[in-house]
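Comments concern the structure below.
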Amino acid sequence: VSQLQDAANRYQKLLTLDNNHDPHVNLFPSYATGALGSINYVLDYVENWIQKVVAANLRYLAMDNYPFLLNGTFRDVPYFHDLDVIRRVGLKYNIKTSGYLQSIGNSTDLRRPNANELRYSAYSHLAYGIKKPVWFSYWTPTGGAETFTNGIIDAAGNKTDLYVPFKALNLEMKQLGKTLVKLNANAVYHTGTTIPTGTIRPAANFVWQAQNAAQSMIITQFIDPVAGKEYIMVVNKSFTASNTFSFITANQIANVKVISKVTGLEEASNFTMASHSLS
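Numbering of the sequence shown is given in my numbering, commencing with residue -11 and proceeding in unit increments.
Shown next, in the form of structure tokens:
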């Protein structure tokens, strides 16, 4: 926290020297208590940073949070908490957001994610309105205090087994991004038999209801602030299984289109007007 003013000064100086490129300051996750101490993460750190750098100057509000742990678990509570903090604060100050996608492990606490976990990381970030996803790490870091597993590219410059899924995900994000970059993540909901502490379920009057609320997913309501159009994004929260989800929509919905992750264009869906259902 004590270094925020210095970072803000450097950020503003870079803008005066080169306004065509984006300076980059990345915030700690909330679990970095060794660096942050006992603080109010939102007020004392995230909003404090924005106030020091000045919201109008800040190109992206950036944070990293690496949830795939060496012991095989998923650090879900701070992961979704921090993504939601960045989402809410970004909307409050009208700042685009950036987040790091874990594609590497280390010798201390992180495991190397597999292809399904890369996908989970990418789509959960998109569901929370992240506009600038950054892979950590594309090239395998060497020479520092930490020892890292192979990233997408190993230390010698060779493609690893993560390269093909990484390439496919980048293409999908690029296509979906044509629409997502214009939208605000207005509300984010979780479903499942249990949901992470701090997350919420869709209200009973929400326009998009899962037929089986025991299935584990993220459901985001996006709004186009210019056109006023509403979008829904659904993310499968399983690391291991593909799933088909079915939904019932509110009566005021007369048509549902799908944004293709292949072309980025609107396509017809299997929405049935009579039953207000689709899968």
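For every residue, glycine included, the Cβ atom is placed at its ideal position computed from N, Cα and C.
### Task
Report the residue from Ile236, His9, Ala20 and Ile220 whose alpha carbon sits nearest the alpha carbon of Met51.
Position 63 of the sequence shown, counted from the first residue, corresponds to residue 51. Checking every option, the nearest Cα to that of Met51 belongs to Ala20.
### Query
Rounded to a whole number of angstroms, what is the C-alpha to C-alpha distance between Gln(-7) and Lys40?
Stepping through the sequence shown from its first residue, residue -7 is reached at position 5. Stepping through the sequence shown from its first residue, residue 40 is reached at position 52. Approximately 6 Å, taken between the alpha carbons.
### Query
Can you name the residues that DSSP bridges to Phe56?
One-based indexing of the sequence shown puts residue 56 at position 68. For Phe56, which the question treats as bridged, DSSP gives the partners Phe62.
### Query
Are there three or more Cβ pairs, one per stretch, closer than 8 Å when the segment 120 to 131 is compared with the segment 208 to 223?
no
### Task
Could you say if the segment 227 to 243 and the segment 195 to 206 meet the contact criterion of at least three C-beta pairs nearer than 8 Å?
yes
### Cβ neighbour criterion (16 or more within 10 Å) applied to Ile27
What you label residue 27 is simply residue 39 of the sequence shown in a count that begins at 1. Exposed: under 16 other Cβ atoms inside 10 Å.
### Burial state of Asp149, where buried means 16 or more other Cβ atoms lie within 10 Å
Indexing the sequence shown from 1 puts residue 149 at position 161. So Asp149 counts as exposed.
### Query
Applying the criterion that 16 or more other CB atoms from any shown protein chain within 10 Å of the CB defines a buried residue, is Met261 buried or exposed?
Position 273 of the sequence shown, counted from the first residue, corresponds to residue 261. Under this definition Met261 is an exposed residue.
### Task
Could you check the C-alpha separation between Val222 and Val176 for me, to the nearest Å?
By 1-based counting over the sequence shown, the position of residue 222 is 234. By 1-based counting over the sequence shown, the position of residue 176 is 188. Taking the straight line from one Cα to the other gives about 10 Å.
### Query
Do Phe56 and Leu98 have their C-beta atoms closer together than 8 Å?
Looking up residue 56 in the sequence shown gives position 68. Looking up residue 98 in the sequence shown gives position 110. Taking 8 Å as the Cβ cut-off, Phe56 and Leu98 qualify as a contacting pair.
### Query
Any heavy atom of the ligand HEM closer than 7 Å to the Cβ of Gln39?
Looking at this structure, you won't find the ligand HEM or any other ligand, since it has none at all.
### Query
Excluding five sequence neighbours on each side, which residues of the same chain lie with their C-beta closer than 6 Å to the C-beta of Phe259?
As a first step, residue 259 must be located in the sequence shown, where it is residue number 271. The answer, listed in chain order, is Val244 and Leu266.
### Task
Pick helix, strand or coil for His178, following the three-state DSSP scheme.
Working through the sequence shown from its first residue, we reach residue 178 at position 190. The answer is strand: DSSP assigns His178 an E or B state.
### Query
By Cβ distance, which residues of its chain are closer than 7 Å to Pro66, with the 5 residues on each side in sequence left out?
Along the sequence shown, one-based indexing puts residue 66 at 78. Hits under 7 Å: Pro17, Ser18, Tyr19 and Asn53.
### Task
Give, in chain order, every unbroken run of the beta strand (DSSP E) that is at least 3 residues long and sits entirely within the segment 132 to 203.
172 to 179 and 196 to 198
#### Entry: Cβ neighbours of Asn174 in the same chain (closer than 6 Å, five flanking residues each side left out)
Against the sequence shown, residue 174 aligns to sequence position 186. Same-chain partners within the cutoff: Gln209 and Ile211.
### Task
Just confirm the distance between the C-beta atoms of Asn45 and Leu3, as a whole number of angstroms; I'd bet it's less than 8 Å.
Residue numbering aside, residue 45 sits at position 57 when the sequence shown is read from its first letter. Residue numbering aside, residue 3 sits at position 15 when the sequence shown is read from its first letter. Right, the Cβ-Cβ distance comes to about 6 Å (below 8 Å), so this counts as a contact.
### Message
Using only the alpha-carbon positions, how far apart do Glu134 and Ala143 sit?
### Response
Within the sequence shown, numbered from 1, the residue matching residue 134 stands at position 146. Within the sequence shown, numbered from 1, the residue matching residue 143 stands at position 155. Roughly 14 Å separates the two Cα atoms.
### Task
In the DSSP assignment, find the alpha helix (DSSP H) that holds Ile241 and state where it starts and stops.
For this step, residue 241 is matched to residue 253 along the sequence shown. Run containing Ile241: none; DSSP gives neither H nor E here.
### Query
Helix, strand or coil: which one does DSSP assign to Ile247?
Within the sequence shown, residue 247 is the residue found at index 259, counting from 1. Ile247 falls in the strand class under three-state DSSP.
### Task
Can you say whether Glu105 is buried or exposed, counting buried as having 16 or more other CB atoms within 10 angstroms of its CB?
Mapped onto the sequence shown, residue 105 falls at position 117. Classification of Glu105: buried, given that the 10 Å Cβ count is 16 or more.
### Task
Could you check how far apart the C-beta atoms of Leu164 and Gly252 are, in whole angstroms? I think they sit under 8 Å.
As a first step, residue 164 must be located in the sequence shown, where it is residue number 176. As a first step, residue 252 must be located in the sequence shown, where it is residue number 264. Right, the Cβ-Cβ distance comes to about 7 Å (below 8 Å), so this counts as a contact.
### Message
Would Thr137 and Arg76 be called neighbours here (beta carbons separated by less than 8 Å)?
### Response
As a first step, residue 137 is located in the sequence shown; it is residue number 149 there, counting from the start. As a first step, residue 76 is located in the sequence shown; it is residue number 88 there, counting from the start. Their beta carbons are not under 8 Å apart, which means Thr137 does not touch Arg76 by this criterion.
### Task
Name the two residues that bound the continuous alpha helix (DSSP H) containing Thr21.
Indexing the sequence shown from 1 puts residue 21 at position 33. Here the alpha helix (DSSP H) through Thr21 covers Thr21 to Leu24.
### Proximity to Gly183 [Cα-Cα], best of Ser204, Tyr111 and Gln240
Working through the sequence shown from its first residue, we reach residue 183 at position 195. First, the amino acid is wrong: residue 183 is Ile here, not Gly. Nearest of Ser204, Tyr111 and Gln240 to Ile183, Cα basis: Ser204.
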